[in-house]
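All residue numbers for the sequence shown refer to the numbering used here, where the first residue is 44 and numbers rise by one. From the three backbone atoms N, C-alpha and C, an ideal C-beta is built for every residue, glycine too. Because the structure is a prediction, the values reported are computed rather than measured. The structure under discussion appears below in the form of structure tokens.
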Amino acid sequence: METLLQIYETRVQEGRLSPDDAQLEALPEFERIRAALSQPVKRGLFRKPPEPPRGLYLWGGVGRGKSMLMDLFVESLQVPVRRVHFHAFMQEIHNGMHKARQRGVEDAIAPVAADVAASVKVLAFDEMQITDITDAMIVGRLFEALFKAGVVVVTTSNRVPDDLYKHGLNRQIFLPFIALLKERMVVHELVSHRDYRQDRLAGSPVYFTPANDAARAAIAQVWRDLTGGGAEPLTLHVKGRQVEIPAFRNGVARASFYDLCGKPLGAADYLALAEAARVLVLENIPALGRSNFNEAKRFVTLIDALYEAKVRLICSAAAEPEYLYLEGEGTFEFERTASRLREMQSAEWAGDLI
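And the structure:
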């Protein structure tokens, strides 16, 4: 069986990857887990099952190759594994707990954790981050149960564990979870100074107009370049509500203008999106004016949230930024939004994201 290093080197030789010292330094941690899980289990009447290996918490800046390393790891495993975005996983946990309570189960976490542990040996999370108090209050007991059941957790994150749920409400209740992560997982920083996601966008158009078939094809190609083409929906929890993002993978979100601005969403929703995504692919921005004044106001709020959070925006629109909003109340206020849209296309602004 090939080692992860051998697989990595083969892909470099094939031109599918560029060699990166930081990625090479992280590979042994993945290999440690893979090798331990590949060992045959020696069975006996009085023999205790082997202790599972410590998991891995791989953190670092966006676009450094964390998801690519996770891809290599997951594809090479020969034990039951589930790869899932952390937000999506937590949504499933909340739904499972709700169903358990409906059945009259008092401790809803226990059966949900048992169901997860019964189906997988490894949980591989993309982008662990916790911003919602409903998640923060249950992850400690949830992960304690998963670890106790022998589940190995491997996750990527943009944050060091100590910064999870930073400044969150009642954070002191959350702190034991951080200690649990450090105890049951090796924390490894991916210190690479190259942003491969930014490399893939370098020199490429990010604002397509008009929003016609050619724009749709170009957007689809950008999506494939950034994500490999796969995706799953993302559910954000915002003040007790759920905000659905149709497609999400590797920190890249994809939605239509209607998905984000045609529904009664507000600043808190857009801030949650900006927290979860590093790139937003937004399709079919229409001409704006009196007929869609509410949608236009939401669009202004969305762009403000993306701009302040330094989220990369790739979009298709009916017109250039300066000609999107030409009549009706709010044209003056939209000038700032048009200016920001123009700035967000520039190489200088993109360079600030690295």
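Under 8 Å between C-beta atoms of residue i and residue j
{"i": "Leu-115", "j": "Tyr-51", "result": "yes"}
{"i": "Ala-155", "j": "Met-140", "result": "It is Val, not Ala, that sits at residue 155 in the sequence shown. Yes, these two residues count as a Cβ contact at 8 Å."}
{"i": "Val-343", "j": "Thr-380", "result": "yes"}
{"i": "Ala-298", "j": "Pro-307", "result": "no"}
{"i": "Ser-110", "j": "Thr-198", "result": "no"}
{"i": "Asp-178", "j": "His-280", "result": "yes"}
{"i": "Asn-201", "j": "Gln-172", "result": "yes"}
{"i": "Ala-79", "j": "Pro-92", "result": "no"}
{"i": "Thr-53", "j": "Glu-74", "result": "no"}
{"i": "Asn-255", "j": "Thr-270", "result": "no"}
{"i": "Leu-207", "j": "Ile-221", "result": "yes"}
{"i": "Ile-152", "j": "Arg-125", "result": "no"}
{"i": "Pro-426", "j": "Arg-333", "result": "A query on residue 426 cannot be resolved here, the shown segment of the chain reaching from 44 to 397 and no further."}
{"i": "Ala-352", "j": "Ala-317", "result": "yes"}
{"i": "Glu-326", "j": "Phe-300", "result": "yes"}
{"i": "Leu-223", "j": "Phe-186", "result": "yes"}
{"i": "Met-228", "j": "Val-196", "result": "yes"}
{"i": "Gly-108", "j": "Val-234", "result": "no"}
{"i": "Val-230", "j": "Ile-357", "result": "no"}
{"i": "Thr-252", "j": "Ala-258", "result": "yes"}
DSSP-derived helix/strand/coil call for residue i
{"i": "Pro-123", "result": "coil"}
{"i": "Met-413", "result": "A query on residue 413 cannot be resolved here, the shown segment of the chain reaching from 44 to 397 and no further."}
{"i": "Ser-81", "result": "helix"}
{"i": "Gly-183", "result": "helix"}
{"i": "Tyr-208", "result": "coil"}
{"i": "Leu-316", "result": "helix"}
{"i": "Ala-360", "result": "strand"}
{"i": "Gln-56", "result": "helix"}
{"i": "Ala-131", "result": "helix"}
{"i": "Ile-397", "result": "Because Ile-397 sits at a pLDDT of 40, beneath the cut-off of 50, its placement in the model cannot be relied upon, and the following sentence gives the value as read from the coordinates. Coil at Ile-397, not helix or strand."}
{"i": "Asn-255", "result": "coil"}
{"i": "Arg-292", "result": "strand"}
{"i": "Leu-367", "result": "coil"}
{"i": "Arg-355", "result": "strand"}
{"i": "Ser-334", "result": "helix"}
{"i": "Thr-177", "result": "helix"}
{"i": "Leu-48", "result": "helix"}
{"i": "Ser-200", "result": "strand"}
{"i": "Arg-274", "result": "One point to set straight first is that residue 274 is Ala, not Arg, in the sequence displayed. Ala-274 falls in the coil class under three-state DSSP."}
{"i": "Pro-71", "result": "helix"}
{"i": "Arg-267", "result": "helix"}
{"i": "Lys-306", "result": "coil"}
{"i": "Leu-233", "result": "coil"}
{"i": "Lys-109", "result": "helix"}
{"i": "Pro-62", "result": "coil"}
{"i": "Ser-118", "result": "Looking at the sequence shown, residue 118 is not Ser but Glu. Glu-118: helix per DSSP, three-state reduction."}
{"i": "Arg-321", "result": "coil"}
{"i": "Lys-340", "result": "helix"}
{"i": "Pro-219", "result": "helix"}
Given residue i as reference, the closest of the options once Cα atoms are compared
{"i": "Asp-205", "options": "Val-194, Val-55 and Glu-232", "result": "Glu-232"}
{"i": "Gln-388", "options": "Ser-359, Arg-341 and Glu-370", "result": "Ser-359"}
{"i": "Tyr-313", "options": "Ala-339, Val-286 and Ala-330", "result": "Val-286"}
{"i": "Pro-71", "options": "Leu-99, Leu-356 and Pro-248", "result": "Leu-99"}
{"i": "Asn-335", "options": "Glu-326, Leu-367 and Ala-311", "result": "Leu-367"}
{"i": "Val-117", "options": "Arg-77, Leu-384, Pro-93 and Leu-218", "result": "Arg-77"}
{"i": "Gln-134", "options": "Val-182, Pro-123 and Gly-147", "result": "Val-182"}
{"i": "Gln-121", "options": "Ser-81, Phe-132, Ala-157 and Val-249", "result": "Ser-81"}
{"i": "Ser-61", "options": "Gly-104, Pro-83, Gly-103 and Leu-112", "result": "Leu-112"}
{"i": "Thr-278", "options": "Phe-129, Leu-67, Gln-56 and Gly-103", "result": "Phe-129"}
{"i": "Ala-310", "options": "Pro-329, Arg-333, Ala-296 and Leu-349", "result": "Leu-349"}
{"i": "Ala-296", "options": "Arg-267, Gly-283 and Asn-138", "result": "Arg-267"}
{"i": "Val-322", "options": "Val-234, Ile-328, Val-265 and Glu-370", "result": "Val-265"}
{"i": "Glu-378", "options": "Val-203, Leu-331, Ser-119 and Asp-64", "result": "Leu-331"}
{"i": "Leu-166", "options": "Gln-145, Gly-193, Val-230 and Asp-175", "result": "Gly-193"}
{"i": "Ile-328", "options": "Arg-227, Leu-303 and Ala-315", "result": "Leu-303"}
{"i": "Val-354", "options": "Leu-369, Ala-260, Glu-372 and Ala-319", "result": "Ala-319"}
{"i": "Arg-338", "options": "Ala-315, Glu-372 and Arg-144", "result": "Just to set this straight, residue 338 is Glu in the shown sequence, not Arg. Out of Ala-315, Glu-372 and Arg-144, Glu-372 has the C-alpha closest to the C-alpha of Glu-338."}
{"i": "Gly-283", "options": "Pro-123, Asn-138 and Asp-175", "result": "Asp-175"}
{"i": "Ala-65", "options": "His-137, Gln-56, Glu-57 and Leu-48", "result": "Leu-48"}
Beta-bridge pairing of residue i - partner residues as DSSP gives them
{"i": "Gly-98", "result": "Met-228"}
{"i": "Arg-379", "result": "Per DSSP, none; premise fails for Arg-379."}
{"i": "Leu-279", "result": "Val-286"}
{"i": "Val-194", "result": "Note: Val-194 sits in no beta bridge, so no partner."}
{"i": "Asp-169", "result": "His-128"}
{"i": "Glu-326", "result": "Ser-299"}
{"i": "Ser-389", "result": "Per DSSP, none; premise fails for Ser-389."}
{"i": "Tyr-250", "result": "Cys-358"}
Residue i Cβ short of 7 Å to the ligand MG heavy atom set
{"i": "Pro-307", "result": "With respect to small molecules bound, the structure shown includes none, and the ligand MG cannot be examined in it."}
Scan the segment 138 to 166 and note each continuous alpha helix (DSSP H) run of 4 residues or more that stays entirely inside, going in chain order.
152 to 162
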